[in-house]
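Numbers in this note's numbering are just positions in the sequence shown, counted from 1, shifted up by 120. Input: a single structure, listed below in structure tokens.
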Amino acid sequence: MVRPVTSTIRASHDTPNASGPSGASSSGNGHSNAPRTAPAAGRPNRRISPTARRQRRAACLFLAPACIMVAIYVVWPILSTIRLSFYNWDGMSDASFVGLANYVELFHAPTFYTALKNNVIWLALFLLAPPMGLAIALYLNQAVPGIRIVKSLFFAPFVLSGVVVGLVYSWFYDPTFGLLALLLGHGIPVLGDPHYATPGIIFAALWPQTAYCMILYLTGLTTLNSEQIEAARMEGAKGWSLLWHVILPQLRPTTFMAVVVTIIGALRSFDLISVMTGGGPFESSTVLAYYMYDQAIKYYRLGYSAAIAVVLFAIMLLYIVYHLRRLLKNEH
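Okay, here's the thing in structure tokens:
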């Protein structure tokens, strides 16, 4: 029986002891004992061109100022606040390390849970701003006479400061000569009632927040793929079907931005509360941001207020990460 010839290369000068009369190796397997050269298993040596190096250096150069600013004005204050939350400090005397005492006191304070409950109410009601902003944007995204004037009227609340909005709605809610009392025929102390104060402030805050979401969606509507929309219409999609299956999927990045901005606005709500109720009546309308301000400015408890800020930051971070994961999951 003839064996197939192997591809190994034998040495040109075999020793007498290496092979017998038949030309086989001394091991009897018919193969040479000469070592084989293994192919290189490493990655090919890729050299970076000078152009690519210059582009990388230019990118790092342009990103450096932004990274430095973020590190100075975002990362460093966050780390400093976390560190301060473990100290007892009034801003003047020497700070003393107290460990987790500020957090223990915070989680046993009834005002903290009142503020946390109000923040949850703010989040639940404030999330009405994105869908309302989308509805207004869809209406304003039409070529009808006088639409620019209507856009200006809807855009007006966004340019007003929170102090102005708070004063306007304080007059609106006034139980004696306010517009609400005139419309109802009798006065209701909205801002003086613990049950109505928080919803009344949120209603006032929804006005400019809805205007901001409307602006985001108006910008997003200009980036829609018109060919995809026309193709869906030719296949019979219209109304809610067109909005749900074609338009909204293209507006996911805009929706994510609107939701994130709305969540941040709900959790850092301070100006309207300060102007309209001052956290009252009986601290019933206070939120974590105002509670933090109250402890720092009125009582000079900077370490305790830093602990409130850390809790507020953690809640905000959890909400944003949750919505970011949902956005990335929908895209994949």
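Every residue, glycine too, gets a C-beta built ideally from N, C-alpha and C. Please read these numbers as outputs of a predicted model, since none were measured by experiment.
Please report the residue range of the alpha helix (DSSP H) in which Ile192 lies. Per DSSP, Ile192 belongs to no alpha helix (DSSP H) and is neither H nor E.
Would Gln329 and Thr382 qualify as a contact pair, given that the criterion is a beta-carbon distance under 8 Å? yes
If you check the beta carbons only, do Thr453 and Gly307 fall under 8 Å apart? Residue 453 lies beyond the stretch modelled for the chain, which goes from 121 to 452, so this question has no answer here.
Considering only DSSP beta bridges, list what Ser290 is partnered with. In the DSSP output, where bridge partners are listed per residue, Ser290 has none listed.
At least three beta-carbon pairs within less than 8 Å, the region 386-393 to the region 203-216: no
Helix, strand or coil for Ser361? Go by DSSP, reduced to three states. helix
Run the CB neighbour count on Met189, radius 10 Å, all protein chains shown included, and call it buried at 16 or more, exposed below. exposed
Measuring straight from C-alpha to C-alpha, what distance separates Leu338 and Cys187? 30 Å
Between the alpha carbons of Met377 and Ile393, how many angstroms are there, rounded? 25 Å
Could you pull out every residue in the same chain whose Cβ sits closer than 7 Å to the Cβ of Tyr293, ignoring the five residues on either side in sequence? Leu300, Val310, Leu311 and Gly320
Can you have a look at Leu304 and say buried or exposed, based on whether 16 or more other CB atoms are within 10 angstroms of its CB? exposed
Element boundaries [alpha helix (DSSP H), containing Ala416]: Unbroken run through Ala416: none, as it is neither H nor E.
Between which residues of its own chain and Ser142 is the CB-CB distance below 6 Å, once the five residues before and five after are set aside? Any reading at Ser142 must be qualified, since the residue scores a pLDDT of 41, below 50, and its modelled position is unreliable; the value itself is stated next. Once the five neighbours on either side are set aside, Ser142 has no close Cβ partner at all.
Where does the unbroken alpha helix (DSSP H) through Asp391 begin, and where does it stop? Asp391 to Met396
Just to confirm the assignment, what range does the alpha helix (DSSP H) spanning Thr234 have? Pro230 to Phe246
May I ask you to report which of helix, strand or coil DSSP gives Asn261? coil
Can you give me the C-alpha to C-alpha distance between Ser425 and Met412, rounded to a whole angstrom? 5 Å
For Phe206, the three-state DSSP class (helix, strand or coil): coil
Let me know the secondary structure DSSP gives Ser425 once reduced to three states. helix
Rounded to a whole number of angstroms, what is the C-alpha to C-alpha distance between Ile367 and Gly356? 15 Å
Bridge partner(s) assigned by DSSP for Ser216: Asn208
C-beta neighbour in chain C for Ala249, strict 8 Å: The structure shown contains no chain C; it holds only a single protein chain.
Does the distance from the C-beta atom of Asn239 to that of Val430 stay below 8 Å? no
The alpha helix (DSSP H) that contains Phe297, what's its start and end? It is not in any alpha helix (DSSP H) - Phe297 carries neither H nor E in the DSSP assignment.
Can you tell me the Cα-Cα spacing of Lys271 and Ser290, whole angstroms? 26 Å
Go ahead and label Ser346 buried or exposed: buried means 16 or more other beta carbons lie within 10 angstroms of its beta carbon, across all protein chains shown. exposed
Return the CA-CA distance between Thr234 and Met354, expressed in angstroms with no decimal places. 54 Å
Hey, Ile335 and Phe275 are a contact pair by Cβ (cut 8 Å); roughly how many whole angstroms apart? 7 Å
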